[in-house]
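Taking our numbering, I'd label the letters of the sequence shown as residues 2 to 156. A virtual CB, placed ideally from N, CA and C, is assigned to each residue, including glycine. Nothing here was measured: the structure is a model prediction, and the numbers come from that model. Data block below; observations after.
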Amino acid sequence: MAALRSWLSRSVASFLRYRQCVPVVVNSRKRLLIRPWHKTVAAAFGVTLCAVPIAQKSEPHSLSNEALMRRAVSLVTDSTSTFLSQTTYALIEAITEYTKAVYTLISLYRQYTSLLGKMNSQEEDEVWQVIIGARVEVSKIVKHFCISVPHYDVQ
Numbered sequence: 002m003a004a005l006r007s008w009l010s011r012s013v014a015s016f017l018r019y020r021q022c023v024p025v026v027v028n029s030r031k032r033l034l035i036r037p038w039h040k041t042v043a044a045a046f047g048v049t050l051c052a053v054p055i056a057q058k059s060e061p062h063s064l065s066n067e068a069l070m071r072r073a074v075s076l077v078t079d080s081t082s083t084f085l086s087q088t089t090y091a092l093i094e095a096i097t098e099y100t101k102a103v104y105t106l107i108s109l110y111r112q113y114t115s116l117l118g119k120m121n122s123q124e125e126d127e128v129w130q131v132i133i134g135a136r137v138e139v140s141k142i143v144k145h146f147c148i149s150v151p152h153y154d155v156q
C-alpha cells in the first residue's frame, strides 16, 4: 500500500510539474506531442485506483435489515436511472434517423413535383426508383426501431 501511495504521489508531482503535457497540434498536417502525455494517463489511473475500495471492513450494523434495504433501494434507483437514460438516448436516436429519412423523402417528392412535365418517361422512372428506395429506407427505420406510424405501408 505504501508503494502505491509513493507511486501515486510521484505521478501527481510529475503531472503538476508537466501541466502542459497534453497532446498539442503543432502542425495542421502532423500531430506531434510536445511532452510525455503518458505520465498524465498514469496519474489519472493512479487516482482512479485510489477511488476503488480494496477491502471493506465488516461492520455489524452494515448487515442490518435497514442497511440492506437502503442498499437495495439505492441499486434499484441507480439501475432504473441508467435504464431510463439509455432508453431516452435510443429514442432520440430513432427519432433523429426517422426524421432525416422522412425529410429526404419529402425533398425527393418536392423535386419530383417541380420537375413534373419536364421529364421524359425514362427520367421519370429513374426518379421514381430513387423515391421508392427512400421509402424503403424509411420503412427499414420504422421496422428497426419499432416506430409506430399509422397507415405507413411500403409495397
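Taking the Cα positions, THR97 is about 15 Å away from LYS144. Three or more Cβ pairs closer than 8 Å define a contact, and the region 79 to 90 falls short of that threshold against the region 126 to 137.
Taking 8 Å as the cut-off, the Cβ atoms of ALA102 and GLU138 count as close. A direct Cα-to-Cα measurement between THR81 and SER115 gives close to 50 Å. In the three-state reduction of the DSSP assignment, SER140 falls in the helix class, which pools H, G and I.
Cα atoms of ALA135 and LEU106: separation of roughly 6 Å, rounded to the nearest angstrom. Excluding the 5 residues flanking it on each side, TYR99 has same chain C-beta neighbours closer than 8 Å at VAL139, ILE142, VAL143, PHE146 and ILE148, in chain order.
The three-state reading of DSSP puts ASN66 in helix, counting H, G and I together. For GLY118, the three-state secondary structure derived from DSSP is coil.
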